[in-house]
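Structure record follows, encoded as structure tokens.
2 protein chains.
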Amino acid sequence: MAPKATLETGRAVRLACRNQTWTEQTSGLAYGFAQANLVILPKEHAFDFLMFCRNNPKPCPLLDVTEPGDPVPRNVAPDGDLRTDLPRYRVWRQGELVDEPADVTSLWRPDFVSFVIGCSFTFEAALLRAGVPVRHVELGRNVPMFRTNIPCRPAGVFHGPLVVSMRPMTPSDAIRAVQITSRYPGVHGAPVHLGLPERIGIADLQRPDFGEPVPVADGELPVFWACGVTPQAALMQARLPLAITHSPGCMFVTDVPDDTLAAG
Amino acid sequence: MAPKATLETGRAVRLACRNQTWTEQTSGLAYGFAQANLVILPKEHAFDFLMFCRNNPKPCPLLDVTEPGDPVPRNVAPDGDLRTDLPRYRVWRQGELVDEPADVTSLWRPDFVSFVIGCSFTFEAALLRAGVPVRHVELGRNVPMFRTNIPCRPAGVFHGPLVVSMRPMTPSDAIRAVQITSRYPGVHGAPVHLGLPERIGIADLQRPDFGEPVPVADGELPVFWACGVTPQAALMQARLPLAITHSPGCMFVTDVPDDTLAAG
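Residue numbers (the working numbering), protein chains in the order written: chain F, 355 to 618; chain U, 355 to 618.
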């Protein structure tokens, strides 16, 4: 395994993934470079998926979309290769997980279109820099995520509920967090809800649908952001014959400095 | 009484107050021009009061401070006269309300310093323009205000609790309201708290310390902003021999377009 300390840039992480000296989660690597969710699917469904992202920009902030067959995300990593540069992938057939390889070159097709979607790591780094604690980071856990009763605006075969991630905060930190994350529309932006989980169909904060639970203390409010699992959930529900995504936590690390995603 | 429709600028309102053809509240007049709280006190206490404002910028956003004896707020209304241009004043002796005149020229002294302090009308107009409903405006009531358990940072004889105004909102409107009011640091800026009133010492939202109660519906959160009553409360507690303020709702209307107070 490549020593973590050597993986200080997007390019270094991508190369370590490409030669499989790094096959683990990317959280904490290449500090300051934006990481991204990945969805790969045949061109036949690419228009519908692009429209789904366009219809639901908060959960699906697109950082890049490739030309059919092109494995290079030219806007965010011009020397990257989406077939090899992630630590681990998930392969889906008819909506079922069938494999979790470290390389998808053998599956590649000339009609594959790749969607590179912003990830909350970028705004979490901004929160931490501003002195706003992020509970699941402190606890070394995956963020808790919940299906809501808010439907996404559908597009073709893609539909499903908005999935949100939850971070507990004091009210004053929640206000700061709205200010800070509003500056990052390319990585989910401002929260979509806070304070009243039952209003968005969340019955029990200790039973997330994805990720791991974290405690919500007295004097804290749950704050909810649109989550990149939303497009993946819509993708699974669509039961395409073949689709590929990143494996949870094993993101594509771009060349894009987090700071360039800040508006204003 | 001057017809309301003729009072479309700060200057028109000031002249109508000066000749006493307008002696009522200024809410809804001169749309688009910033209105302001007023505190007038002897120079002897002006340094302490200025430091109090500086120490507590969210409740005391200073739009203008005059030279001793000068009744003209040269930054915000160069042809204004703070002795005559408000519909009604309050005169305080030893912290007690002793008179509520429409003109304070007869009380004027060469050592009087005036503090013109931003008012929430500016950000409420921005909220309404953005489609965020403001309950007390809809109901035609004064905003409910509460003393909190958050102490202001004292300065000389001036001290006391932070006073907040409360507007109930749905969580998504509350998030929008944080974004919108963050742009207006000159008129109290972002909320100071939301969702957990007991945490800031507010036991009963239906029993405000100032203003009028408004209902908080199911599915709404109370959102709290620092309030311009804070410096007035500190002023009363200081029990100065003489001080003058605006009468509630009878603000000083400036020449400053609300939009010029927006950051970014």
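From the three backbone atoms N, C-alpha and C, an ideal C-beta is built for every residue, glycine too.
* To do: Please report the residue range of the beta strand (DSSP E) in which residue 517(U) lies.
  => Position 163 of the second sequence, counted from the first residue, corresponds to residue 517(U). Unbroken beta strand (DSSP E) run through residue 517(U): 515-523.
* If residue 512(U) and residue 406(U) are in contact, beta carbons under 8 Å, what's the gap, nearest whole angstrom? -> On the second sequence, position 158 is the one that residue 512(U) refers to. On the second sequence, position 52 is the one that residue 406(U) refers to. Correct: roughly 4 Å between the Cβ atoms.
* Closest Cβ-Cβ distance between residue 497(F) and chain U: below 8 Å? -> Here residue 497(F) is taken as the residue at index 143 of the first sequence, counted from 1. No - not a single Cβ of chain U is within 8 Å of the one on residue 497(F).
* **Local Cβ density within 10 Å of residue 387(U), reported as buried at 16 or more and exposed below that** => As a first step, residue 387(U) must be located in the second sequence, where it is residue number 33. Per the 10 Å Cβ criterion, buried.
* Would a check of beta-carbon distances place residue 547(U) closer than 8 Å to chain F? -> By one-based count along the second sequence, residue 547(U) stands at place 193. Yes, because at least one Cβ of chain F sits closer than 8 Å to the Cβ of residue 547(U).
* To do: Would you kindly work out how many angstroms separate the C-alpha atoms of residue 398(F) and residue 600(F), rounded to a whole number?
  => The residue given as residue 398(F) occupies position 44 in the first sequence. The residue given as residue 600(F) occupies position 246 in the first sequence. Between residue 398(F) and residue 600(F), the C-alpha separation is close to 20 Å.
* **For residue 472(U), the residue or residues it bridges with in DSSP** => Here residue 472(U) refers to the residue found at position 118 when the second sequence is read from its first residue. Bridge partners of residue 472(U): 390(U).
* Which bits of chain A does residue 544(F) rub up against, with CB to CB less than 7 Å? -> The question asks about chain A, but that chain is absent: this structure's protein chains are F and U.
* **Cβ of residue 619(F) within 8 Å of any chain U Cβ** => Outside the modelled stretch of chain F, which goes from 355 to 618, sits residue 619(F), for which no answer is possible.
* To do: Alpha carbon to alpha carbon, how far is residue 517(U) from residue 566(U)? Give it in angstroms, no decimals.
  => One-based indexing of the second sequence puts residue 566(U) at position 212. One-based indexing of the second sequence puts residue 517(U) at position 163. Approximately 14 Å, taken between the alpha carbons.
* According to the Cβ coordinates, are residue 467(U) and residue 400(U) closer than 8 Å? -> Working through the second sequence from its first residue, we reach residue 467(U) at position 113. Working through the second sequence from its first residue, we reach residue 400(U) at position 46. Judged by beta-carbon spacing, residue 400(U) lies within the 8 Å limit of residue 467(U), meaning their Cβ atoms are closer than that value.
* To do: Go ahead and label residue 574(U) buried or exposed: buried means 16 or more other beta carbons lie within 10 angstroms of its beta carbon, across all protein chains shown.
  => As a working note, residue 574(U) is residue 220 in the second sequence. With 16 or more other Cβ atoms within 10 Å, it is buried.
* Asked: What first and last residue would you give for the beta strand (DSSP E) that runs through residue 599(U)?
  -> What you label residue 599(U) is simply residue 245 of the second sequence in a count that begins at 1. Run containing residue 599(U): 597-600, per the beta strand (DSSP E) assignment.
* Please name the residue, chosen from 368(F), 608(F), 578(F), that lies closest to residue 457(F) on a Cα-to-Cα basis. => Position 103 of the first sequence holds residue 457(F). For the residues 368(F), 608(F), 578(F), the minimum Cα distance to residue 457(F) belongs to 368(F).
* Asked: Do residue 427(U) and residue 416(U) come within 8 Å of each other at the CB atom, strictly closer than that value?
  -> Locating residue 416(U) in the second sequence gives position 62, counting from the first residue. Locating residue 427(U) in the second sequence gives position 73, counting from the first residue. No, the pair does not count as a contact, with Cβ atoms beyond the cut-off.
* Since residue 503(U) is in the beta strand (DSSP E), which residue starts that stretch and which ends it? -> On the second sequence, position 149 is the one that residue 503(U) refers to. Its beta strand (DSSP E) spans residues 499-505.
* **Where residue 575(F) meets chain U, residues with beta-carbon distance less than 8 Å** => Taking the first sequence and counting its residues from 1, the one referred to as residue 575(F) is at position 221. In chain order: 548, 549, 550.
* Asked: How would you call residue 588(F), buried or exposed, if buried means at least 16 neighbouring beta carbons within 10 angstroms?
  -> For this step, residue 588(F) is matched to residue 234 along the first sequence. Label assigned to residue 588(F): buried.
* To do: Kindly indicate which three-state DSSP category residue 467(U) falls into: helix, strand or coil?
  => As a working note, residue 467(U) is residue 113 in the second sequence. The answer is strand: DSSP assigns residue 467(U) an E or B state.
* **Proximal residues of chain F, C-beta to C-beta of residue 620(U) below 7 Å** => It is not possible to answer for residue 620(U), since the shown part of chain U is limited to 355 through 618.
* Asked: So is residue 524(F) buried or exposed if we call it buried at 16+ other beta carbons inside 10 Å?
  -> On the first sequence, residue 524(F) is found 170 positions in, with the first residue counted as 1. By the 10 Å Cβ count, residue 524(F) comes out buried.
* Indicate the three-state DSSP secondary structure (helix, strand or coil) for residue 416(U) in the structure shown. => Here residue 416(U) corresponds to residue number 62 of the second sequence, with the count starting at 1. Note: residue 416(U) maps to strand in three-state DSSP.
* Asked: If you run the structure through DSSP and keep just helix, strand and coil, what is residue 542(F)?
  -> For the purposes of this step, residue 542(F) is taken as the residue at position 188 of the first sequence. Residue state, collapsed to three classes: coil.
* Compute the Euclidean distance between the alpha carbons of residue 546(U) and residue 564(U), then round it to the nearest angstrom. => Translated into positions along the second sequence, residue 546(U) becomes position 192. Translated into positions along the second sequence, residue 564(U) becomes position 210. Cα-Cα distance, rounded: 18 Å.
* To do: Determine the contact status of residue 536(U) and residue 544(U), defining contact as a CB-CB distance below 8 Å.
  => For the purposes of this step, residue 536(U) is taken as the residue at position 182 of the second sequence. For the purposes of this step, residue 544(U) is taken as the residue at position 190 of the second sequence. Against a cut-off of 8 Å, the Cβ pair of residue 544(U) and residue 536(U) comes out as a contact.
* Report buried or exposed for residue 449(F), applying the criterion of at least 16 other Cβ atoms within 10 angstroms of its Cβ. => Within the first sequence, numbered from 1, the residue matching residue 449(F) stands at position 95. Exposed is the call here.
* To do: For the beta strand (DSSP E) holding residue 578(U), just list the boundary residues, first then last.
  => Indexing the second sequence from 1 puts residue 578(U) at position 224. 575-580 is the extent of the beta strand (DSSP E) around residue 578(U).
* DSSP beta-bridge partners for residue 403(U)? -> Here residue 403(U) refers to the residue found at position 49 when the second sequence is read from its first residue. Answer is none; residue 403(U) lacks a bridge partner.
* Taking 8 Å as the CB-CB cut-off, is residue 553(F) touching chain U? -> Start at 1 with the first residue of the first sequence, and residue 553(F) comes out as number 199. With 8 Å as the cut-off, residue 553(F) counts as an interface residue toward chain U.
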